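Participant: Those letters in the sequence shown? Residues 502 to 674, per my numbering, in order. Think of the CB as a built atom: it goes at the ideal place given N, C-alpha and C, for glycine as much as any other residue. Computed from a predicted model, the values in this text were never measured in an experiment.
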Amino acid sequence: MSTPNEQDRPPGANGAPAEGGEVDLQAALQAAEVRALESRDLYMRALAEMENIRKRASRDVEQAHKYAVDKFANDLVGVKDSLELGLLAAGDAQTLRAGTEATLKLLAKAFEKNGLTEIDPLGEPFNPELHEAMAMQPSAEHVPDSVTQVVQKGYQLNGRLLRPARVIVAKAP
Numbered sequence: 502m503s504t505p506n507e508q509d510r511p512p513g514a515n516g517a518p519a520e521g522g523e524v525d526l527q528a529a530l531q532a533a534e535v536r537a538l539e540s541r542d543l544y545m546r547a548l549a550e551m552e553n554i555r556k557r558a559s560r561d562v563e564q565a566h567k568y569a570v571d572k573f574a575n576d577l578v579g580v581k582d583s584l585e586l587g588l589l590a591a592g593d594a595q596t597l598r599a600g601t602e603a604t605l606k607l608l609a610k611a612f613e614k615n616g617l618t619e620i621d622p623l624g625e626p627f628n629p630e631l632h633e634a635m636a637m638q639p640s641a642e643h644v645p646d647s648v649t650q651v652v653q654k655g656y657q658l659n660g661r662l663l664r665p666a667r668v669i670v671a672k673a674p
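(1) Between the C-alpha atoms of Glu-625 and Ser-647, what's the straight-line distance to the nearest angstrom?
(2) Would you check if the distance between the CB atom of Asn-611 and the CB atom of Leu-577 is smaller than 8 angstroms?
(3) Would you say the segment 661-674 touches the segment 625-640, given that touching needs at least three Cβ pairs under 8 angstroms?
(4) State yes or no: is the beta carbon of Asn-659 nearer than 8 angstroms to at least one beta carbon in chain D?
(5) Is the segment 613-629 touching the segment 585-603, taking contact as three or more C-beta pairs under 8 angstroms?
(6) Can you tell me whether Gly-655 is buried or exposed, with buried defined as 16 or more other CB within 10 angstroms of its CB?
(7) Going by the DSSP bridge assignment, what does His-632 pair with across the sheet?
(8) Would you mind listing the beta strand (DSSP E) stretches within the segment 598-629 that are 3+ residues and don't spill past its ends, in chain order?
(9) May I have the straight-line CA-CA distance separating Glu-633 from Leu-662, to the nearest angstrom?
(10) To which residues does DSSP link Lys-672 through a beta bridge?
(11) Which of the three DSSP states is assigned to Ala-514 in this structure?
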C-alpha cells in the first residue's frame with residue numbers, strides 16, 4: 502500500500518516523470534500558452550470594440566442634442582420670413598392684421614407638425630397637472646373649480662407639459 506504522498510507524485514523513480522511525460526508537459530504548457538495568447542488577443546479586441554462603441558454612442562448623443570430642434574427650426578424660418586414680409590408691406594392696420602394672422606397660422610402649423618399643442622382650458626374643470634391657478638374668484642354663473650379666464654395659454658410637447666396654462670378659477674360665491 503502506498504502513502505498519500507506517494508499517490509500525489511507523478512509516476513517514475515523518485516517522483517521524476519515517466520519517460521515521455523516531460524514531452525507531454527511541454528506540449529501541454531505550449532498549448533496553454535497559445536490559448537492564453539489567443540484569449541488575451543480576443544480580450545484586447547473586445548476592449549477596443551467596446552471603446553469604439555462608447556465613442557460612437559457619445560458622438561451620436563452629442564449630434565442628437567445639437568440637432569434635436571432642426572425640424573422645428575426649419576418650420577420657424579418660414580414664420581420669420583412671413584413676419585419680415587409683413588413689416589415691409591405694412592401700409593395700413595388692416596394689411597398688418599391680415600399679415601399677422603397669416604403668420605400666426607404658419608406658427609400654429611409649425612407647432613402642430615412638431616407635436617407642440619396649446620392648452621386653452623376656458624370653461625374646463627381646473628386640472629393642477631396642466632393648469633396653474635393665479636386666483637380664485639367667486640362666481641354664480643360658473644361651476645365651482647372650473648376655469649373662468651385664461652391669463653396665459655399653456656403648452657405640451659408630445660404630451661409632456663412645457664408650460665402650464667395660467668388661469669383664474671371659479672369658486673362658490
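Facilitator: In short:
(1) 6 angstroms
(2) According to the sequence displayed, residue 611 carries Ala and not Asn. For Ala-611 and Leu-577, yes; Cβs fall inside 8 angstroms.
(3) yes
(4) Of the protein chains in the structure, only one exists, and it is not chain D.
(5) no
(6) buried
(7) Ala-666
(8) 617-620
(9) 12 angstroms
(10) Pro-639
(11) With a pLDDT of 46 at Ala-514, under the threshold of 50, the modelled position of this residue cannot be trusted; read the value that follows with caution. Three-state DSSP puts Ala-514 in a helix.
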